[in-house]
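Chains as they are written, first to last, in the working numbering: chain A, 1 to 354; chain B, 1 to 414; chain C, 1 to 309; chain D, 1 to 275; chain E, 1 to 261. We put the CB at the ideal spot given by N, CA and C, even for glycine. Keep in mind it's a predicted model, so treat the numbers as computed, not measured. A short worksheet on the structure shown next.
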Amino acid sequence: MFYRENGQFKSNYRSDQQIFPVAQDRYAIYVLIAAAFLVVPLFATNYFYQAVLIPFVILALAALGLNILVGYCGQISLGSGAFMAVGAYAAYNLQMRIDGMPLILAVLGGGVFAMVFGVLFGIPSLRIRGLYLAVATLAAQFFMDWLASRAAWVTNNSSSGSVSARQLEILGWHISTPMEKYLLVLAIFCVLALLAKNLVRSAIGREWMAIRDMDVAAAVIGIRPVYAKLSAFAVSSFIIGLAGALWGFVHLGAWEPAAFNLDMSFKLLFMIIIGGLGSISGALFGAAFFVMLPLVLTLVPHAIGLPLSTATVTYVEHMIFGALIVFFLIVEPHGLARLWATARQKMRVWPFPH
Amino acid sequence: QAQEQYVPALVYRTGQFAPLGVPWADGKLDYYKLVNARGGINGVQIKYEECETGYDTARGVECYERMKGQNGGAPGFETQSTGITFAVSDRAPGDKMPVFTPGYGLSQSVDGEVFEWNFPLLGTYWTAADSIIQDIMKKENGNLKGKKIALVYHDSPYGKEPIPLLQARAKKEGFELILLPVTAPGVEQKSTWLQIRQQRPDYTLLWSAGVMTPTAVREAQATGYPREKIYGVWWAGSDHDVREIGQGAKGYNTVTIHNTAAKGAVHDAIKTELYDKGQGSAASAASLGQLAHTRGMVIAMLQVEAIKAAQEKFGKDKPMTPEQVRWGFENLDLSEADLKELGFEGIVRPIKTSCKNHIGEDWSRIAQWDGSKFEVVSDWYQADQSVVAPLVKEYADRYAKEKNVTPRDCSAVQ
Amino acid sequence: MAFFLETVLGGLMTGMLYSLVALGFVLIFKASGVFNFAQGAMVLFAALSMARFAQWIPEWLGVQSVWWTLALAMAVSMAAMVAIAWLIERLALRHLVNQEPIALLMATLGIAYFLDGLGPLLYGSGVYGIDVGMPKEPIFVLESVFPGGILVSKEDLYAAVIAMVLVAALSLFFQKTRTGRALRAVADDHQAAQSIGIPLSRIWVIVWSVAGGVALVTGIIWGSKSGVQFSLSLVALKALPVVILGGLTSVPGAIIGGLIIGLGEKLSEIYLGPYLGGGIEIWFAYVLALAFLLFRPQGLFGDKIIDRV
Amino acid sequence: MNNATAPAGAKTILEVNGIEVIYNHVILVLKGVSLVVPEGGIVAILGGNGAGKTTTLRAISNLLKAERGEVTKGSIELRGERIEALSPADLVERGVVQVMEGRHCFAHLTIEENLLTGSYTRKDKGEIAANLDKVYNYFPRLKTRRTSQAAYTSGGEQQMCAIGRALMTNPNLVLLDEPSMGLAPQIVEEVFHIVKDLNSKEKVTFLLAEQNTNMALKYADYGYIMESGRIVMDGEAQALASNSDVKEFYLGVGGDGRKSFRDVKSYKRRKRWLA
Amino acid sequence: MTTRNIGEVILDVKNISLRFGGVKALTDISFDVHEHEIRSIIGPNGAGKSSMLNCINGVYKPQEGAITFRGKTFSHMNSRQVAEMGVARTFQNLALFKGMSVIDNIMSGRNLKIKSNILLQALRIGPAEREEIVHREYVEKIIDFLEIQAYRKTPVGQLPYGLQKRVDLGRALAMEPQVLLLDEPMAGMNMEEKQDMSRFIMEINEEFGTTIVLIEHDMGVVMDISDRVVVLDYGKKIGDGSPDEVRSNPDVIRAYLGAEH
Ligand SMILES: Nc1ncnc2c1ncn2[C@@H]1O[C@H](COP(=O)(O)OP(=O)(O)OP(=O)(O)O)[C@@H](O)[C@H]1O
Ligand SMILES: Nc1ncnc2c1ncn2[C@@H]1O[C@H](COP(=O)(O)OP(=O)(O)OP(=O)(O)O)[C@@H](O)[C@H]1O
Ligand SMILES: [Mg+2]
Ligand SMILES: [Mg+2]
C-alpha cells in the first residue's frame, strides 16, 4: 500500500537514471548506510566486529568483485582465492619493501597487482567458455597456492612462510580497535560499491552483460569481446585483490598461504550465487548468508544445550549447510536478491495478489 | 559453590586430519575429566569447552576470538595447528594470552625473551629433526659424509619447519639434503617416490599429515623403498597412520616426545574412573595408550600443572587469569617424582621451564612399527644445542625485527 | 632410460586412476548437463560404506568367507549409492529442471557438503582400510634389458585394466542403447526431453546410480591404495584437468585425458620440478589442460560447442 | 465467453476449465482459460504475441514447472481424468505430446537419433521401426539429413524433426506450438497437409497454437481466439474465418479484399473488443 | 515508392562461397544492394539466407569471394569493423541480451558511440553522465517509434516473442545504421503484428533513408514492400530481380513459391 512509485514522476532522464528510482528505496538506503556507520558502533561488541561484521564487509567486497566477472560478464571463475592472495601478498610486499608506504597505497597496490594477474589469467577466456573456463581458472588458484608457499620472495623471505601486516595507519589515524577496522572496511566497501554500481549501469556494464548473454550478437553491435572480457577480469580482480589485501591486513593480521585456498574461491562463488548473480546487493546478501549461517549453526545447538559432540555438530552443520544451499537454489535459482525483488514486487501490488 | 576454571579446547574432530584430531581431543578431555573427578585443580573444577576448527585457520581464529574472554577469561590456548598458532601468536601479546604448542608451533618460539606468550613445550620440529638425525648417525656410526637424506614434506608452513635445521645439520655433517615437497593433501605421490627411487637417498624423513602418511608408506612399499629407512615426525607416527598397512609398514620409524608404548598409572586411573563408568570421551577404552590419545593427556596435564603452578604463587582455590597462567607455564618444574605422582612416570621426562627457555625439555626417542604396533626402539635423544640454539636465536631475532617486538630481558625477571 | 620409462609408465598408470574419477564427472555431465562437483564426495561416501560394511558384516552376520564379505559389502554399498541417487533426484534435481548450468553446479556443491557431513556421521571419521586383495609389492619387468629392471606397480596395473573395462562398457552403453540416447538428449535440453516423454526422474536416478557405481569402484581402488579417509574426496581435484582436457562429454576422452595428464604431470614434476622448487604437478596439470583447451576449447574429444545465430 | 462448450456430436478428449497460470509467483498470465478439444478434431488457438497460447499448451502438457510457472486455479481433464499432477512422461504414455515452440531439437544428436528419442516410451522394436518409416515417409527431407547433427540443419528441417520426433511417440493428441514459424511457405503448406493427413488417416487429435491465422483456419475445425490471457472468441473455423473482425485483424483482409502491406503505414487500427 | 530516390550501389557481394566441412552453405553468390532500397532475400529453409547475412557482417568468414561496402572491398572483416562502418542487423532466432532490460538492450546498440572511458564511467561524472543522457534520449525516441514504452524496464527474457523481435530491431536501429540487415523479422507474428512491423521497416527506410536487406518467408510482405528480391536455393542464386520478375521466374516457383503464388 505504502510502497508505490505512483505519483513519483520523472521529468528528466537524469532522475530516471538514479540508482534507486523509487524514493522509498532511496531513503531506505540512506538510512541503512547511516545505521551501518553510526548505529552499529553503538552496540556491537568486539567479538561481533571480528567474527561477523569485518569478515562480512570484506567478503561482501570480494563477492562484489567476483559478481562483476561472473554475474555481469558471465565468465565463471574458481580462482578468486588466488586473486585475493595476490592482492594480499602484493600489499604486504609493497609495505615491507618500500619504506613509509602508506597503508591505503599498499592496499590499492595490492588491487593493481591482482588486476594484472587477473588479466593474465583472463586471457584464456577469449577462447574457452563456460565450465571449461571455470575449471581452467583453477590453474590460477593452484599456481598461486604453490607460488606463495614455494617462492620465498612472495613472503619477503619470512622464515615460516606465514606473513603478518604492520600496524594499520592512515594519515596518522592508528587503526587498532575492531570498531575502527570495521569503519575502515565499511567505508572502502561503500566507495567501491558505488563505483561498481556506476560501472555496471554504464556502457561498460552493458558490454559485459551483452557478452554474458549473447556474445555473437554483442560482437555484431560492435562490442569487442577481448576488451569486454579483459576489462571485466581487470575490474573484478582489482576489487577482489583489494578485498584480499583487507582480508590479510585487517581481518587476519597474519596469514599463511592456506588462507586463500580453493575453499575461499568456492565460498565466494557460493556467495554470489546464493546472493544473486548480476546484482550488487546480491554480494551483500550472499556474504551475510555465509558469514552468519555457520555461526548460527554453531551457536544454536550450543544455546539450546544439545548434548552433541563437537564432531557431530560439525557434521550436522555441514549437512544443513549443504541442504540449505540446495534449498535456496530451488526456491530461487537467481538468488536472495531476486527473492527480495519478488517480495518487493508483491509489496508494490499489496494487498492484491498480482 | 565450587570455583570453576574455564578451559577452552580447540580441536579438530572433522576434516582431513580428523583421524589424528579425534584421539588427541579425547586425550585432552579425558584428562580434564579425570582431574575434575579427583576434585579439580586444588578444588577448582575445570569447565572445559570444545571448539571445532577443522584444522582451518580462519575458524580457529574465530574460536579464539569468541572464547578468549568468555567465562572469566581463558587461561590459554592450545591451537592444535601450526597455521592457527601463527595467527594467534600475533594477537597473544596484545590479548595477554598464553599460547602453548607442545610438539609443534614456531620452532624459534623456544626463545622466551622474544616470545613471551608462546610455549612450545616438550619439543619443536627442530628438536624432532635433530633427534632423527642423531638416530641415523648412530646407525651410520657417526659418519654421514656423502650420504643422502631426503625430506618428503607437506607443502605448508608445518612441513617446511624442519628445513632450516636440516640444512644446518647437512652442512655440519656433510650429507646431501634432498627436498621433496608434496602438495596437500598428498593422495597422489607417485612422482615423489619415483624421485626417491631414482636418487636412492639413504634415509627419508617424512613431515606429513593426514592421508599423506599412509600414502607415502604405501608408495614406499610399491617402489620397494625400505620402510626401516623412513622416519616420520611425531604427527605422522600414530597407530592410525599405518594400522591399515599392517605388515607393509613394518620397520617404519617415528620420533616421539613421549614413551608411546608405555602405559602409566594415569591410564589405569582413566580407565577405572572414567571408561568403566561409561564417562570416557573416546568410543572405547581401546583408545587408551594410543599415541595421539596419550599425547592429548600429556598436553592437558601440562596445562593443568601450569595452572597449579600459578595457583601456588597467586593463590589456591580460585581460577587463574591468563597472565597468571603464563607465569605458571614459565615456571613449570615437574620432577621425576612429580610425574610419578601424576601417573606419567616413564611417559614423559621431567620438565623445567624458565623465562629464557619455553620448551622445558627437548628429549625425544624413536619408535618403530612392528607390523601391529609401535615399539620404542631407541634411547632418549636430546636435541643438540650447538645446532639448535643458534638457529633459535637467529630466527627469533628475525621475528622480533619483523614484528617490532622488543625482547624482554630475562635477567631482570626472577 | 630405465628411469624415464618408469616415469612414463608410472604417469600412465596414475593417469588411468584419474580417469576413473573423471569418468564419474563425464557420465553425469553427458547425461544431464550437470557438472557434478559432488563426485569426490560420492567417491568418499562409497569408499566409506565399502570399508565399514566389510568390517561390520562379519561382526553382525558372522560371515567367515572373505569373498562373501566383500561381495555383500559391495552390494550394500551399491544399494546405498542408489539410495543417494534417488534422494538427490527427489530432493534436488527434480526441482531444478531447466535451470542454468551454474545453478546446478552449485547445487552439486551443496550435495557435496551434505555427503561430506553424512559420510563420517554414519561411518566415523577414522582411517579405514579396504582390502580386496590388490597386490602391493612391485614387479620388475625387462630386467634383461635394464639393470634392475623397470618397476611396475601391480596394483596400478589392475586398476588400469578395471578402468579400461568400465570405460569400454560405458561407451557402448551411451552410443548403442536406448537409455544412452535418452541420456544424451536430456543433457541437450531438459524440457524437450520431458516433452517427448523421457522420464527425467528415472533417467536421473539411473545416471546418478551409475555414477555412484563408478564412484564405488573408484573408492575401492583408491581406498585400497591410500586408505579411506576424508581426503579421498579431494582426488576429484586431480581429476578435473582430466575431465576438461578429455572433453566434458566424452567417455573415451576421460581415458585419453587421464593418460596425458598423468604423464605430463609426472614428467613435469620429475624433470622440471627440481628447477622450480618442486610440487608443481598439480598446477602443471591444469596448465597443461589449459594449453590444450586453447586449441580445442571443447576439450580433445568433447562435443563441439555449437553456437549459431 | 468463458465456458466453452464442445462442438456437438464429438467425444471430448481434452477439457480445460478456467485455468489460471502464474509465472515466478508474481506474473499472472492466464486469467481463466477454458477450452474443449473433441476427439479426432483439429482445434486452433489463435492470438497475438503474449496472448498466452504457449502457456496454455504448457499447462496441458505439464511443462510449466521447468519455466517456474504453475497452474493456480482450474482443472485440466484428459478423457475425464484430472491430469494436472501427472508428469509429462505420464502424459506421453497416455498419448499426449507437445511439440514445443522454437523447435528444441537435441543439438548434439543426429536427426535420426533425435527421432529415436521420441520412441523412448515405446518398447516394441517393430513398432519403432514402423514409426520411423512413417516419419521418413511424411518428411522425406529428414531421411536425406538423417546423419547430420540437428544443430547444423536449417530451421525448416529442425521443425520437421521436432514434429517427427513427437510422432514417434504414437500420440493421439498432439499439442503443436507454432508449427509454421520460420518455415518457407511451401513447407508450411506441407506441414499442415501432414497434420490433416495424420488427423484423417490416423485419427490423431491436434491442438495447435498459431499466429498464421490464415493457415490455421483453413485446416482446423474449431478455433479459439486469445488475447492477454483470456479467450475472447471461439467458434467453428469457417465461422471465424468469415467473421469480419477476424478478417480484419487476423487475416489482414479488409472489406475490399487483401490489403497491401504498403498501405498499412497510413493508418493504425485498434481492436474493438479491447479496452 | 516514388518519394525515395534509390541511389548507387552501397553493398556489393561478389562470388561468395561458404562451406562448413562438407556442407556447401553458399556457392558463388553475387548480388548488389543500392542505397535506400529494400532488398529481400528469399529461399527455402536451409538455402543459406542467414549464412549470407552472417558473411556480410563478419560472423562467418566465407572461403571465397569479396564484399564491397561503399567502395571498400574486403573479404575478411571482423564484426566490429562492420559495425563501425554502419551495418546493423537483427537475428532470426532472437539474439537479445536476455538478462537485460529493454532499455539496456537498446542502449547497448549505442555503445559504439560512447566516448568516455571506464574511469569516467565508474565515477559517473561530467561527460560520462551527460553522454548517458544524450544517448538515453535517442533510445527513448526509438522506444516511442517502436511503441514499446510500456516495457521499458522489463527484462527482455520475459517479453513475448513478437515484442522481443521489436527490441531486436530497436537495438539495431540504435546503431544509426546505413544498412540494416533483417533476418525474418516477422516470423511468429500474426497479421496485425506483421503489419506493424512492415510499417516500421518502411518508415525506417523512408525517413532515415536506411538501406534494408530483408529475409522473410511471408511472400505477401516481401512482394509488397521490397524493391528487388534475390532468391537462393541450396546455396545457389536462382533468381534476382523485381518482385514481379521473381514471381514469374519458373525456377523460383519450382523451388520455393509453389504453384499457388
Ligand atoms: N517463463 C516465463 N516467465 C515469466 N513470464 C513468462 C514466461 N513465459 C511467458 N511469460 C509471459 O507470459 C505471457 C504469455 O506468454 P506465452 O508465451 O504463453 O504467449 P504466446 O501466446 O505463446 O505468444 P507468442 O505468440 O509470442 O509465442 C507473456 O506476456 C510472457 O511475457
Ligand atoms: N555454423 C554452422 N555450421 C555448420 N553448418 C551450418 C552452420 N550454419 C549454417 N549451416 C548450414 O548451412 C546451410 C544454410 O543455413 P542457413 O541458416 O543460412 O539457412 P537459411 O536459409 O537461413 O534457412 P532458414 O530459412 O531455415 O533460416 C544449412 O544447411 C545449415 O545446416
Ligand atoms: Mg508462444
Ligand atoms: Mg535463416
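Query                                                                                                                                                                                                  : Result
Going along chain B, which residues have a C-beta under 8 Å from residue 275 of chain C?                                                                                                               : The premise fails here: residue 275 of chain C is roughly 13 Å from chain B at the closest Cβ pair, so nothing lies under 8 Å.
Taking 7 Å as the cut-off, is the C-beta of residue 55 of chain D nearer than that to any heavy atom in ligand 1?                                                                                      : yes
Since residue 162 of chain D contacts residue 105 of chain D with CB under 8 Å, what's their CB separation in whole angstroms?                                                                         : 6 Å
So that I know if they touch, is there some Cβ in chain C lying closer than 8 Å to that of residue 136 of chain A?                                                                                     : yes
Consult DSSP for residue 155 of chain E and reduce its assignment to one of helix, strand or coil.                                                                                                     : strand
Please work out which residues of its chain come closer than 7 Å, Cβ to Cβ, to residue 35 of chain B, disregarding the five sequence neighbours upstream and downstream, and give them in chain order. : 41, 46 and 304
In its own chain, which residues sit with a C-beta less than 8 Å from the C-beta of residue 406 of chain B, not counting the 5 before and 5 after it?                                                  : 400
Using CA coordinates, which residue listed in B:412, B:410, B:404 and B:398 is at the minimum distance from residue 157 of chain A?                                                                    : B:398
Any C-beta of chain C within less than 9 Å: which residues of the stretch 307-323 of chain A qualify?                                                                                                  : 311, 312, 314, 315, 316, 317, 318, 319, 320, 321, 322 and 323
List the residues of chain D whose Cβ lies closer than 8 Å to the Cβ of residue 49 of chain C, in chain order.                                                                                         : None at all; the shortest Cβ gap to chain D is about 31 Å.
Are the CB atoms of residue 259 of chain B and residue 366 of chain B within a distance shorter than 8 Å?                                                                                              : no
So for residue 300 of chain A, helix, strand or coil by DSSP?                                                                                                                                          : helix
Could you check whether the Cβ of residue 299 of chain C sits closer than 8 Å to any Cβ belonging to chain B?                                                                                          : no
Check whether the Cβ of residue 23 of chain A lies closer than 7 Å to any heavy atom of ligand 3, and answer yes or no.                                                                                : no
Name, going along the chain, the residues of the stretch 109-127 of chain A whose beta-carbon falls closer than 8 Å to a beta-carbon of chain E.                                                       : none
Nearest chain F C-beta to residue 215 of chain D closer than 8 Å, yes or no?                                                                                                                           : Annotation note: the requested chain F is absent from the structure, which comprises protein chains A, B, C, D and E.
Residue 51 of chain B lies in the beta strand (DSSP E); which residues open and close that run?                                                                                                        : 45-52
Would you call the stretch 186-193 of chain B and the stretch 135-144 of chain B in contact, with 3 or more CB pairs under 8 Å?                                                                        : no
Residues in its own chain within less than 8 Å of residue 284 of chain B by CB, not counting five upstream and five downstream?                                                                        : 275
Under the assumption that residue 264 of chain C contacts residue 239 of chain C (Cβ atoms under 8 Å), give the Cβ distance between them as a whole number of angstroms.                               : Actually they do not touch by this definition, with Cβ atoms about 14 Å apart.
How long is the line joining the alpha carbons of residue 166 of chain A and residue 95 of chain B, rounded to whole angstroms?                                                                        : 17 Å
Check residue 45 of chain C in the structure and name its three-state DSSP category.                                                                                                                   : helix
Counting only Cβ pairs nearer than 8 Å, list the residues of chain E close to residue 213 of chain A.                                                                                                  : 96, 97, 98, 99 and 100
Residue 161 of chain E lies in the alpha helix (DSSP H); which residues open and close that run?                                                                                                       : 161-174
Quick one, which residues of the stretch 11-22 of chain B are near chain C if we go by CB-CB under 9 Å, in chain order?                                                                                : 13, 14, 15, 16, 17, 18, 19, 21 and 22
Here's a check: name, in chain order, each residue in its chain whose Cβ is nearer than 7 Å to the Cβ of residue 48 of chain B, leaving out the five neighbours to either side.                        : 7, 9, 29 and 32
Who are the near neighbours of residue 241 of chain C in its chain, counting only those whose CB is closer than 6 Å to its CB and skipping five residues on each side?                                 : 261, 285, 286 and 289
Can you list, in chain order, the residues of its chain with a C-beta nearer than 6 Å to that of residue 50 of chain B? Leave out the 5 residues immediately preceding and following it.               : 9 and 11
Going by the beta-carbon positions, is the gap between residue 226 of chain C and residue 89 of chain C smaller than 8 Å?                                                                              : no
Regarding residue 186 of chain D and ligand 4, is the C-beta to nearest heavy atom distance less than 7 Å?                                                                                             : no
Just to make sure I have the definition right: I need the residues of chain A whose C-beta is within less than 8 Å of the C-beta of residue 104 of chain E. Which are they?                            : 206 and 209
What is the DSSP secondary structure of residue 251 of chain A, reduced to helix, strand or coil?                                                                                                      : helix
Since residue 255 of chain B and residue 344 of chain B should fall inside the 8 Å C-beta cutoff, what is the C-beta to C-beta distance between them, to a whole number of angstroms?                  : Incorrect: roughly 19 Å between the Cβ atoms, too far for contact.
DSSP three-state call for residue 129 of chain E: helix, strand or coil?                                                                                                                               : helix
Could you say if the stretch 219-230 of chain B and the stretch 295-304 of chain B meet the contact criterion of at least three C-beta pairs nearer than 8 Å?                                          : no
Relative to the alpha-carbon of residue 250 of chain C, which residue among D:108, D:70, D:80 and D:142 has its alpha-carbon at the smallest distance?                                                 : D:108
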